[in-house]
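**Q**
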Amino acid sequence: MRRLLLLAGGWLMVGLAIVGAVLPIMPTVPFLIVAAAFFARSSPELEARLMNHKHFGPSLVQWRRHGAISTPAKLLAVTAMAGSFMSVLFFAEPPLVVLVAFALVLLTSAVFVVTRPRPVAAVA
Numbered sequence: 001m002r003r004l005l006l007l008a009g010g011w012l013m014v015g016l017a018i019v020g021a022v023l024p025i026m027p028t029v030p031f032l033i034v035a036a037a038f039f040a041r042s043s044p045e046l047e048a049r050l051m052n053h054k055h056f057g058p059s060l061v062q063w064r065r066h067g068a069i070s071t072p073a074k075l076l077a078v079t080a081m082a083g084s085f086m087s088v089l090f091f092a093e094p095p096l097v098v099l100v101a102f103a104l105v106l107l108t109s110a111v112f113v114v115t116r117p118r119p120v121a122a123v124a
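Heads up: the sequence shown begins at 1 in our numbering, then just goes up one per residue.
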């Protein structure tokens with residue numbers, strides 16, 4: 001039963017990552033990081049497929065080994081967070097408490113992303 005729940009969680013995260021690949025307001029790699037963690041405990045084959053993926057594998061490996069995020073990914077993440085905040089600010093008119101809470105969550109997330117190390121260069 002536990003294995004099935006972990007597999008379902010992994011596939012759910014892969015599905016959200018696919019949505020994130022299409023929608024600019026949602027990330028992709030963070031969902032794949034969680035999916036890889038679920039698959040590591042339920043299906044080593046699926047975990048290996050994610051870790052060896054042509055496009056996303058290197059980011060997943062760098063995160064797992066070093067907790068690293070590339071500079072372009074950091075820039076994209078912070079830009080997307082700022083864009084999300086500006087969109088809410090100009091188009092949604094939420095109550096002030098909601099706006100402040102959203103700003104604090106985004107700011108905390110941005111600080112977390114920016115303070116992660118850069119990937120270690122691959123040794124040839």
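All residues carry an ideal CB built from backbone N, CA and C; glycine is no exception.
Beta-carbon separation of Leu32 and Phe56 under 8 Å?
**A** In this structure, Phe56 lies closer than 8 Å to Leu32 by Cβ.
**Q** Kindly indicate which three-state DSSP category Ala92 falls into: helix, strand or coil?
**A** Looking at Ala92 - three-state DSSP - the assignment turns out to be coil, as it is neither helix nor strand.
**Q** Helix, strand or coil for Met26 per DSSP?
**A** Reduced to three states, the DSSP call for Met26 is coil.
**Q** In or out: Pro27 buried (at least 16 other Cβ within 10 Å) or exposed?
**A** That one is buried.
**Q** By how many angstroms is the C-alpha of Met1 removed from the C-alpha of His66?
**A** Their Cα atoms are separated by approximately 32 Å.
**Q** Does DSSP put Arg118 in a helix, in a strand, or in coil?
**A** Coil, per DSSP.
**Q** Considering only their Cβ atoms, is the gap separating Gly20 from Phe38 smaller than 8 Å?
**A** No; because the gap between Cβ atoms is not below 8 Å, this pair is not in contact.
**Q** Leaving out five residues on either side along the sequence, give the residues of the same chain with a beta carbon under 6 Å from the beta carbon of Leu106.
**A** Closer than 6 Å at the Cβ level, and outside the excluded window around Leu106, lie Met81 and Phe85.
**Q** In angstroms, rounded to a whole number, what distance separates the CA positions of Val120 and Pro95?
**A** Between Val120 and Pro95, the C-alpha separation is close to 43 Å.
**Q** Which value, in whole angstroms, describes the spacing of the CA atoms of Ala110 and Arg3?
**A** Distance between the alpha carbons of Ala110 and Arg3 is about 34 Å.
**Q** Does DSSP classify Leu1 as helix, strand or coil?
**A** One point to set straight first is that residue 1 is Met, not Leu, in the sequence displayed. Reduced to three states, the DSSP call for Met1 is coil.
**Q** Is Ile69 helix, strand or coil by DSSP?
**A** Residue state, collapsed to three classes: coil.
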